[in-house]
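S.K.:
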Amino acid sequence: MTRVGQLLRRLSGMIASLLGLSVLIFVISRVLPGNPARLALGAMASEEQVEQFAAEMGLNGPLSAQYVEYMRRLLVGDLGQSLQTRNPVVEDLIAKLPATFELISIAFGFMIILGIPLGIIAAQHRGGAVDNATRFFAFATVSVPSFFVGIVFQLVFGYYLDWFPITGRLSSAYGDEVVRTTGFMLVDTLLSGSFAAHLDAWAHLLLPALALSFSGMGQVIRITRSSMIDVEGKDYIEATRAYGLPSWLIVNKYSLKNAFIPTLTILGLQYAWLLSGAFVIEIVYSWPGVAKYGVQSVLTSDVNAIVGVTMLVGVVFVTVNLIVDLLSSALDPRVGLAGDKR
Amino acid sequence: MSVVGLVIVFAIIVAAVLAPYIAPYPEHAGTFTDFTNAFEQPSLDHPFGTDDVGRDILTRVLFGYRIALTLVAVVLGIGVPIGVMLGLVAGYTGGWVDTIIMRITDTFLAIPPLVLALAIASAFEPTLEIAMFAIASLWWTWYARLARGLAASQVDQEYVQAAKIAGASTPHILFREILPNCLSPLLVKATLDAGIVVLTGASLSFIGLGVQPPRPGLGTMVANGTQYLPTEWWITVLPGFAIFVLVMGFNMLGDGLRDLFDVEVEQ
Numbered sequence: 026m027t028r029v030g031q032l033l034r035r036l037s038g039m040i041a042s043l044l045g046l047s048v049l050i051f052v053i054s055r056v057l058p059g060n061p062a063r064l065a066l067g068a069m070a071s072e073e074q075v076e077q078f079a080a081e082m083g084l085n086g087p088l089s090a091q092y093v094e095y096m097r098r099l100l101v102g103d104l105g106q107s108l109q110t111r112n113p114v115v116e117d118l119i120a121k122l123p124a125t126f127e128l129i130s131i132a133f134g135f136m137i138i139l140g141i142p143l144g145i146i147a148a149q150h151r152g153g154a155v156d157n158a159t160r161f162f163a164f165a166t167v168s169v170p171s172f173f174v175g176i177v178f179q180l181v182f183g184y185y186l187d188w189f190p191i192t193g194r195l196s197s198a199y200g201d202e203v204v205r206t207t208g209f210m211l212v213d214t215l216l217s218g219s220f221a222a223h224l225d226a227w228a229h230l231l232l233p234a235l236a237l238s239f240s241g242m243g244q245v246i247r248i249t250r251s252s253m254i255d256v257e258g259k260d261y262i263e264a265t266r267a268y269g270l271p272s273w274l275i276v277n278k279y280s281l282k283n284a285f286i287p288t289l290t291i292l293g294l295q296y297a298w299l300l301s302g303a304f305v306i307e308i309v310y311s312w313p314g315v316a317k318y319g320v321q322s323v324l325t326s327d328v329n330a331i332v333g334v335t336m337l338v339g340v341v342f343v344t345v346n347l348i349v350d351l352l353s354s355a356l357d358p359r360v361g362l363a364g365d366k367r
Numbered sequence: 022m023s024v025v026g027l028v029i030v031f032a033i034i035v036a037a038v039l040a041p042y043i044a045p046y047p048e049h050a051g052t053f054t055d056f057t058n059a060f061e062q063p064s065l066d067h068p069f070g071t072d073d074v075g076r077d078i079l080t081r082v083l084f085g086y087r088i089a090l091t092l093v094a095v096v097l098g099i100g101v102p103i104g105v106m107l108g109l110v111a112g113y114t115g116g117w118v119d120t121i122i123m124r125i126t127d128t129f130l131a132i133p134p135l136v137l138a139l140a141i142a143s144a145f146e147p148t149l150e151i152a153m154f155a156i157a158s159l160w161w162t163w164y165a166r167l168a169r170g171l172a173a174s175q176v177d178q179e180y181v182q183a184a185k186i187a188g189a190s191t192p193h194i195l196f197r198e199i200l201p202n203c204l205s206p207l208l209v210k211a212t213l214d215a216g217i218v219v220l221t222g223a224s225l226s227f228i229g230l231g232v233q234p235p236r237p238g239l240g241t242m243v244a245n246g247t248q249y250l251p252t253e254w255w256i257t258v259l260p261g262f263a264i265f266v267l268v269m270g271f272n273m274l275g276d277g278l279r280d281l282f283d284v285e286v287e288q
């Protein structure tokens, strides 16, 4: 099958998954035992008001008609109004997305700058004490609940050592100075020309991002280690060694490049998983992002917001996975697109 | 390391089963209050200290392990058989049956399990049972995928062909011939998964959609303790550490089994 054919198949699979997800979420959201319209308007509202509100939200009529209405609205990007904030859900999501992407991107950075070197070091000291210590650390990171890591970091680096603030994105002192243009605090503080506020934004980011990065760190360490070991046994690496090239050059120039393909795949998948970890970390650090918004909507049975957040997570998740497939197949032509294995 | 894992998991299972007999203060597992002994630091009387209403935290951790292990048993007890059955059928028969089953699993895999479990749990009153149902209802998908791959790889094996020619029925071939040859990857996957189920359940409880107070869910206890940080740290930290130890045990055991059986399992 040609590349284009593969790509089209993969894309159609992705769209089918998302369609399936929309059906699944429709089923979940309409099983809600509470009356969402009543919940939104409060006990004081009259029956007519509740009826009218339910009609506006597309909550009346037979399920089939409700589904058609639900899909129509999803396709035009109309997610309705949040019962909690009274804003259109789409507006809420757009306002809160930058905070979440900033958090998971910095966490992703930590995963790379800590995970990959640890994996390489472990591979170079295979079987030794360093390797074992790294292995234990990798195990620990996949075994520890992220909320626990978050809390311990707050306790140690926030309360006891008092190095970092423990909640929020920016100290209130800078609240007026910084103009929200992009929603990315690191960018906005620079645009506002306040370097002090910029550093403050970093200080707020470091703990939650580091705690979040732990959830995927173990995987990155282990895959880097095993692919480095894999590559080092290859003939062309033996050849560079026979030429007498220094080992730092072999590692950095020859091994790493080839060992990086499996690592890249895992890294990409981890980026999507960080979004899941954010649902816990944003709660621990009162981080005003999409995940915290999602949790609040879940706790208050805010149907429209739940549908919006879950669809958004699904779209991001599926898209990132597709991009990872495309990248690793572009880097290594021997790798087909994942959909072909079927 | 895998032996350590086995010891940890075994010890915790025994302690959880025997919790009503070995816990220092079994009555503290529920609504018990004793405000004169609230916020006690860890001591000989209370090795993990006491919480905001004077309950012994070690006792509650042991009962919390009961809840966590029950969750694992229910989720895997429902998810593994359903997933394996669907996966074997899909992989063996192929065609449109395969397409339909795999399309459904793809749908579930299009979103992280924690997020989907949150959405499902949101439709009901939050309880442990709902959390179990929410997690179990989506956990079968990984086993369906794994079993499908295993079955598809076995279809052309000689022993399957021989059974076919001998006139064996499809269920016989699936469950008596193919399944026994797929057990080790499934066992490894289930062991590694047990840890992830514990983490998912603890996260749901931490967020407030799982075990509700006064039941001693480990994640619930951590969430409840955070309001007393940093001074009364043990109320939060020790139950959190208890989750870590159990999951670590499952992961070390699963990793050891993976090496032992020499199988590749995607995580």
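Each protein sequence line maps, in turn, to chains A and B.
Taking our numbering, the leading residue of the first sequence gets 26, the next gets one more, and so forth.
Taking our numbering, the leading residue of the second sequence gets 22, the next gets one more, and so forth.
Cβ atoms here follow ideal geometry from the backbone N, Cα and C, with glycine treated the same way.
Note that this is a predicted model, so its numbers are computed, not measured.
1. Examine the Cβ distances between the segment 334 to 344 of chain A and the segment 40 to 57 of chain A and report whether three or more of them are shorter than 8 Å.
2. Would you say B/Trp254 reaches chain A, if we count a Cβ-Cβ gap shorter than 8 Å as a contact?
3. What does B/Gly216 touch in chain A if you count any residue whose Cβ is under 7 Å from its own?
4. Kindly list the residues whose CB is nearer than 7 Å to the CB of A/Lys366, restricted to its own chain and excluding five residues on each side of it in sequence; keep chain order.
5. On the criterion of 16 or more Cβ atoms from any shown chain inside 10 Å, does A/Leu36 qualify as buried, or is it exposed?
6. In chain order, what residues of the segment 214 to 245 of chain B put their CB closer than 7 Å to some CB of chain A?
7. The alpha helix (DSSP H) with B/Ile217 in it runs from where to where?
8. Which residues of the segment 162 to 195 of chain B have a Cβ closer than 8 Å to any Cβ of chain A? Give them in chain order.
9. Can the beta-carbon of A/Ala154 be found less than 8 Å from the beta-carbon of A/Ile246?
10. What does B/Ala211 touch in chain A if you count any residue whose Cβ is under 9 Å from its own?
11. Less than 8 Å between CB atoms is the rule here; does A/Tyr92 satisfy it with respect to chain C?
12. Determine contact between the segment 224 to 242 of chain A and the segment 253 to 265 of chain A, defined as no fewer than three beta-carbon pairs at a distance below 8 Å.
13. Interface residues of chain A around B/Val258 at Cβ under 9 Å?
14. Would you mind stating whether B/Ala244 and B/Leu97 have Cβ atoms separated by less than 8 Å?
15. Classify A/Leu36 as helix, strand or coil using the three-state DSSP reduction.
16. Is the distance from the Cβ of B/Ala223 to the Cβ of B/Gly240 below 8 Å?
17. List, in chain order, every chain B residue whose beta-carbon is nearer than 7 Å to that of A/Val155.
18. Starting from A/Thr206 and walking both ways along the alpha helix (DSSP H), at which residues does that stretch end?
19. According to DSSP, which residues form a beta bridge with A/Pro113?
20. With a threshold of 8 Å between beta-carbons, can B/Ala32 be considered close to chain A, or not?
21. Taking 8 Å as the CB-CB limit, is B/Phe265 close to chain A?
22. DSSP has B/Asp77 in a bridge; who is on the other side?
23. Could you give the DSSP three-state label for A/Trp188: helix, strand or coil?
24. Using a Cβ-Cβ cutoff of 9 Å, what residues of the segment 122 to 142 of chain B are near chain A? List them in chain order.
25. Measuring only the C-alpha atoms, how far is B/Val110 from B/Ala168?
26. For B/Pro234 and B/Leu149, I'd like the C-alpha separation in whole angstroms.
27. Can the beta-carbon of A/Leu231 be found closer than 8 Å to that of A/Met210?
28. In angstroms, rounded to a whole number, what distance separates the CA positions of B/Phe265 and B/Ala189?
M.R.: Working from what's here:
1. The answer is yes - the segment 40 to 57 of chain A touches the segment 334 to 344 of chain A, with three or more Cβ pairs under 8 Å.
2. Numbered from 1 along the second sequence, position 233 holds the residue referred to as residue 254 of chain B. It does: the Cβ of B/Trp254 has a partner Cβ on chain A nearer than 8 Å.
3. For the purposes of this step, residue 216 of chain B is taken as residue 195 along the second sequence, with counting starting at 1. Chain A residues near B/Gly216: Ser168.
4. Position 341 of the first sequence holds residue 366 of chain A. Its pLDDT being 39, under 50, A/Lys366 is placed unreliably by the model, and nothing is read from it.
5. Walking along the first sequence from the start, residue 36 of chain A turns up at place 11. Result: exposed.
6. Gly216, Leu220, Ala223, Ser224, Phe227, Ile228, Gly229, Leu230 and Val243
7. Mapped onto the second sequence, residue 217 of chain B falls at position 196. Here the alpha helix (DSSP H) through B/Ile217 covers Leu204 to Ile228.
8. none
9. The count along the first sequence starts at 1 and reaches residue 154 of chain A at position 129. The count along the first sequence starts at 1 and reaches residue 246 of chain A at position 221. Taking 8 Å as the Cβ cut-off, A/Ala154 and A/Ile246 do not qualify as a contacting pair.
10. Counted from its first residue, the second sequence places residue 211 of chain B at position 190. Chain A residues near B/Ala211: none, gap ~16 Å exceeds 9 Å.
11. No chain C is part of this structure, whose protein chains are labelled A and B.
12. no
13. On the second sequence, position 237 is the one that residue 258 of chain B refers to. Neighbours of B/Val258 on chain A, chain order: Phe173, Ile176, Val177 and Leu180.
14. By 1-based counting over the second sequence, the position of residue 244 of chain B is 223. By 1-based counting over the second sequence, the position of residue 97 of chain B is 76. No; because the gap between Cβ atoms is not below 8 Å, this pair is not in contact.
15. Position 11 of the first sequence, counted from the start, is the residue given in the question as residue 36 of chain A. A/Leu36 falls in the helix class under three-state DSSP.
16. Residue mapping note: residue 223 of chain B aligns to position 202 of the second sequence, counting from 1. Residue mapping note: residue 240 of chain B aligns to position 219 of the second sequence, counting from 1. Against a cut-off of 8 Å, the Cβ pair of B/Gly240 and B/Ala223 comes out as a contact.
17. Here residue 155 of chain A refers to the residue found at position 130 when the first sequence is read from its first residue. The contacting residues do not exist; A/Val155 stays about 16 Å from chain B at best.
18. Working through the first sequence from its first residue, we reach residue 206 of chain A at position 181. That residue, A/Thr206, is in no alpha helix (DSSP H); it is neither H nor E in DSSP.
19. Locating residue 113 of chain A in the first sequence gives position 88, counting from the first residue. Answer by DSSP bridge pairing, in chain order: A/Gln106.
20. In the second sequence, counting from the first residue as 1, residue 32 of chain B sits at position 11. With 8 Å as the cut-off, B/Ala32 does not count as an interface residue toward chain A.
21. The residue you call residue 265 of chain B lines up with position 244 of the second sequence. By this cut-off, B/Phe265 is an interface position.
22. Here residue 77 of chain B corresponds to residue number 56 of the second sequence, with the count starting at 1. In DSSP, B/Asp77 forms a bridge with B/Thr71.
23. On the first sequence, position 163 is the one that residue 188 of chain A refers to. Coil at A/Trp188, not helix or strand.
24. Met123, Arg124, Ile125, Asp127, Thr128, Phe129, Leu130, Ala131, Ile132, Pro133, Pro134, Leu135, Val136, Leu137, Leu139, Ala140, Ile141 and Ala142
25. Taking the second sequence and counting its residues from 1, the one referred to as residue 110 of chain B is at position 89. Taking the second sequence and counting its residues from 1, the one referred to as residue 168 of chain B is at position 147. Spanning the two alpha carbons is a distance of roughly 9 Å.
26. The count along the second sequence starts at 1 and reaches residue 234 of chain B at position 213. The count along the second sequence starts at 1 and reaches residue 149 of chain B at position 128. Taking the straight line from one Cα to the other gives about 10 Å.
27. Looking up residue 231 of chain A in the first sequence gives position 206. Looking up residue 210 of chain A in the first sequence gives position 185. No.
28. In the second sequence, the residue the question calls residue 265 of chain B occupies position 244. In the second sequence, the residue the question calls residue 189 of chain B occupies position 168. Whole-angstrom Cα-Cα distance: 47 Å.
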